[in-house]
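Participant: Going letter by letter, the sequence shown gives residues 4 to 386 in our numbering. Cβ coordinates follow ideal geometry from the N, Cα and C atoms, glycine included. Just so you know, these numbers come straight off a predicted model, no measurement behind them. Pasting a structure here, questions to come.
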Amino acid sequence: MPLASQFTPLWNRQAEWQARLTMIAAAREFVYLSAFYLENDEYGLTMLAALEAAQKRGVAVTLLLDSFGQRLGGVVMSRAQVEALEQRFAALRSSGGRVLLYNPPRITQRLFGGGQHVKIQVSEHGEAIFASGNITRSSFEAWNEFAVALTGPVVLGLIDTLAALGVTIQPAHRQRLADAMRNETATLDLDYWFYNPNTGQDWLGPFFWQGQNSITERLAAAIDAARTRIALTTFYFRPTQCLMQAILGAAARGVKIEIFHSHRDALGTTDLPWLAAATGYARLLDAGVTIYENRHGEHSKMVLIDGNYAIFGSYNFEDAAHDRLAEAMLATRDARAIKPIQKIFSALRVDSANQRVTERWHKELPLAIRLRMARYGRFKWWI
Numbered sequence: 004m005p006l007a008s009q010f011t012p013l014w015n016r017q018a019e020w021q022a023r024l025t026m027i028a029a030a031r032e033f034v035y036l037s038a039f040y041l042e043n044d045e046y047g048l049t050m051l052a053a054l055e056a057a058q059k060r061g062v063a064v065t066l067l068l069d070s071f072g073q074r075l076g077g078v079v080m081s082r083a084q085v086e087a088l089e090q091r092f093a094a095l096r097s098s099g100g101r102v103l104l105y106n107p108p109r110i111t112q113r114l115f116g117g118g119q120h121v122k123i124q125v126s127e128h129g130e131a132i133f134a135s136g137n138i139t140r141s142s143f144e145a146w147n148e149f150a151v152a153l154t155g156p157v158v159l160g161l162i163d164t165l166a167a168l169g170v171t172i173q174p175a176h177r178q179r180l181a182d183a184m185r186n187e188t189a190t191l192d193l194d195y196w197f198y199n200p201n202t203g204q205d206w207l208g209p210f211f212w213q214g215q216n217s218i219t220e221r222l223a224a225a226i227d228a229a230r231t232r233i234a235l236t237t238f239y240f241r242p243t244q245c246l247m248q249a250i251l252g253a254a255a256r257g258v259k260i261e262i263f264h265s266h267r268d269a270l271g272t273t274d275l276p277w278l279a280a281a282t283g284y285a286r287l288l289d290a291g292v293t294i295y296e297n298r299h300g301e302h303s304k305m306v307l308i309d310g311n312y313a314i315f316g317s318y319n320f321e322d323a324a325h326d327r328l329a330e331a332m333l334a335t336r337d338a339r340a341i342k343p344i345q346k347i348f349s350a351l352r353v354d355s356a357n358q359r360v361t362e363r364w365h366k367e368l369p370l371a372i373r374l375r376m377a378r379y380g381r382f383k384w385w386i
């Protein structure tokens, strides 16, 4: 089990943003950064400017994005913005930086949303940021996100994840990280989970894939072990079948379950993910599950079980996280990590942006929405 010597929660959006920029400004040897996508807005452009400035002063900069994620992010950008962003990527490359786009090995995976969804930033000073969000205005000004700043041996596991995603990690860089933590006292217990379903699929890719995703299995096992309470956050709650069954099974044995996810209007460009999630409301409400929709958007991925076991990272409760996207999560029973997460859930329960879904509200949904749910809900796997 990897250890951390420091664990700093970054729930406040600007605290995470400043931590990212501070790390890059202080770097003198290398910076590795991965995200699902980076947008052409003030955050994406500021990040690229910081990385380019670091590269020009001799820092070896590597930026890993997801090819599908970057295309998907292009939906919220104009053609001119996409082209301008490509020019900024080219400028970073021309200064010596590496801008990499992850593509899974098989064409079916590439065509149907396979990719990497891991969000890690690390420099030679030995601190890593492990996050739920991307480099976009939405992640730093609109949606809830959860990140942590970490030091200690767990950082080596994080940079090894980037290597598993095809990033060439210079041996000297990894050794520099090992040297940075040599004199640290690491006592905070963490369990690190990483899985990439794209590596174990045949030519059909995610279609009819019956393989086991170790993160999905561990989440299901944790839910099955719950005795009193489960609270979780996710972008839109539309989990793969075994996780839905685990949640309903926990509710049936008397576990109090709270789900915090995004409101219909939170995404802006489309309500299809919400429609896919809402098709499961009837079963959840009938089972006694409490559902909250955040009007601003809930994009963190946290699970708190019985108040003493926390899991957090990049894995959304959705089919894509199970069979198409490489994901990473941290799990812990250490009180130093549990207490901040307990406070976050306490705040979410009284946050005015969170609207509770009641049975009456659900039954009174307009006919037009019900028809759209019936039409699109059966395509949950695709959305």
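1. What does a CB cutoff of less than 6 Å around Q9 pick up in its chain, not counting 5 residues either side in sequence?
2. Where does Q178 sit, in a helix, a strand or coil, going by DSSP?
3. For Q73, which residues from the same chain have a beta carbon less than 7 Å from its beta carbon, with the 5 sequence-adjacent residues on both sides left out?
4. For a minimum of 4 consecutive residues, which ranges assigned as the alpha helix (DSSP H) are wholly contained in the region 175-249?
5. Spatial neighbours of L161 within its chain, please: C-beta separation below 7 Å, excluding the five flanking residues on both sides.
6. Where Y46 and A255 are concerned, what is the direct C-alpha to C-alpha distance, given to the nearest angstrom?
7. Please state whether the Cβ-Cβ distance between V34 and A57 is less than 8 Å.
8. Which residues in the same chain have their Cβ closer than 7 Å to the Cβ of W206, if we skip the five residues on either side of it in sequence?
9. Rounded C-beta distance between W20 and I347? I'm assuming under 8 Å.
10. Are P276 and I386 close, meaning C-beta to C-beta below 8 Å?
11. Out of curiosity, what's the CA-to-CA distance linking L287 and A30?
12. I'd like the span of the beta strand (DSSP E) that includes Y312, first residue to last.
13. Should the region 158-177 be called in touch with the region 302-320, which here means at least 3 C-beta pairs below 8 Å?
14. Taking contact to mean 3 or more Cβ pairs, one atom from each stretch, closer than 8 Å, check whether the region 332-341 and the region 354-373 are in contact.
15. What residue does the alpha helix (DSSP H) around D322 start on, and which one ends it?
16. In or out: S141 buried (at least 16 other Cβ within 10 Å) or exposed?
17. Quick check on the burial criterion: 16 or more other C-beta atoms within 10 angstroms. Buried or exposed for T202?
18. Tell me the DSSP secondary structure of S97 in three-state form.
19. Would I250 pass as a contact of I226 if the rule is Cβ separation under 8 Å?
20. For T25, which three-state DSSP category applies?
21. Alpha carbon to alpha carbon, how far is R60 from Y239? Give it in angstroms, no decimals.
22. In its own chain, which residues sit with a C-beta less than 7 Å from the C-beta of P12, not counting the 5 before and 5 after it?
23. What does the alpha-carbon distance come out to for the pair R381 and F211?
24. Please check the pair E301 and T236, which I expect to be a contact at CB under 8 Å, by giving their CB distance rounded to whole angstroms.
25. Indicate whether P174 and F115 have their beta-carbon atoms separated by less than 8 Å.
26. Pick from A290, I172, A280 and M305: whose alpha carbon is nearest that of E296?
27. Could you tell me the distance, in whole angstroms, from the CA atom of D44 to the CA atom of T139?
Facilitator: Quick answer:
1. T154
2. helix
3. Y40 and L104
4. 217-228
5. I123, V125, A131 and F133
6. 44 Å
7. yes
8. R109 and T111
9. That belief does not hold up - the Cβ atoms of W20 and I347 are roughly 18 Å apart, past 8 Å.
10. yes
11. 48 Å
12. Y312 to G316
13. no
14. no
15. D322 to D326
16. buried
17. exposed
18. helix
19. yes
20. helix
21. 41 Å
22. V151 and P343
23. 16 Å
24. 5 Å
25. no
26. A280
27. 7 Å
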